[in-house]
Structure formats: structure tokens, C-alpha cells
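Asks: In my numbering, the protein residues as written are 339 to 449.
The beta-carbon is built from N, C-alpha and C at its ideal position, and this holds for glycine as well.
Only a predicted model underlies this, so the values are computations on that prediction, with no experimental measurement involved.
See the structure below:
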């Protein structure tokens with residue numbers, strides 16, 4: 339099951355954060371997605387429209403941090419991702435955030 343959460347911004351929009359497992363054969367781990375939208379339903383719809391059909395947000399166990407909110411607010415697409423740390427603790431040298439186009443452009447792993 340995906341861990342995730344959300345936070346409501348003063349202007350009424352929300353930032354949704356989801357940790358989803360990586361596809362099999364891609365090295366394991368999980369991917370953290372941040373989505374900026376008018377409400378939680380629209381944020382999840384944006385991810386489902388990209389092919390992530392079984393994405394649900396149950397509860398608010400892993401809401402976005404203030405740094406994550408700032409990152410998604412400053413991105414023009416409002417949808418970014420990066421590999422999530424395995425232990426759930428933020429490391430000092432974390433991977434930078436990527437636009438969703440970078441994930442969709444990745445070549446498929448040979449079978």
C-alpha cells in the first residue's frame with residue numbers, strides 16, 4: 339500500500355505526497371510523487387491519467403514537508419518525483435526533484 343498525505347495551502351489548493359513502490363526490475367525502493375492541484379481528487383486524477391491506475395490516498399500518514407511544498411510550488415507542471423529513501427529518514431545528500439516528463443521518458447527495462 340502507498341504511504342502518503344496532503345496539506346492544504348492558504349489559497350485553497352492542496353499538495354499531495356505519495357510514496358509508490360517502484361516497478362519490478364527497476365532496482366527496488368519507492369518513488370515519492372508530489373502533486374499540486376485544486377483538491378485531493380484532482381491530484382489523484384492527474385496521477386491516474388499518467389497510467390498509475392491504482393493510486394489511492396488513505397489517511398495522512400506521510401504529509402509533504404515544507405521543503406517538498408516549496409519544491410512543487412516552484413515547478414511549472416506542479417507534478418514532480420524522486421526516489422524515496424529506504425529508511426524513511428531524509429538523508430543529507432538526497433536526489434533532486436525531477437519533472438514527471440523525465441519519468442515518462444525513461445526507456446523500458448529489457449525483459
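#1: Please confirm whether residue 353 and residue 382 have their CB atoms less than 8 Å apart.
#2: I need the boundaries of the beta strand (DSSP E) containing residue 355, first residue and last residue.
#3: So, with DSSP's three-state summary, where would you put residue 379?
#4: Could you check the C-alpha separation between residue 437 and residue 419 for me, to the nearest Å?
#5: Leaving out five residues before and five after residue 433 in sequence, what residues of the same chain have Cβ atoms less than 6 Å from its Cβ?
#6: If you reduce the DSSP assignment to three classes, tell me which class residue 386 lands in.
#7: Could you pull the start and end residues of the alpha helix (DSSP H) that residue 411 belongs to?
#8: Alpha carbon to alpha carbon, how far is residue 375 from residue 417?
#9: Helix, strand or coil for residue 440 per DSSP?
Replies: On the basis of the supplied data:
#1: no
#2: 352 to 359
#3: helix
#4: Distance between the alpha carbons of residue 437 and residue 419: 7 Å.
#5: Only 420 and 421 meet the Cβ criterion.
#6: helix
#7: 404 to 411
#8: 9 Å
#9: If DSSP states are grouped into helix, strand and coil, residue 440 belongs with the helices.
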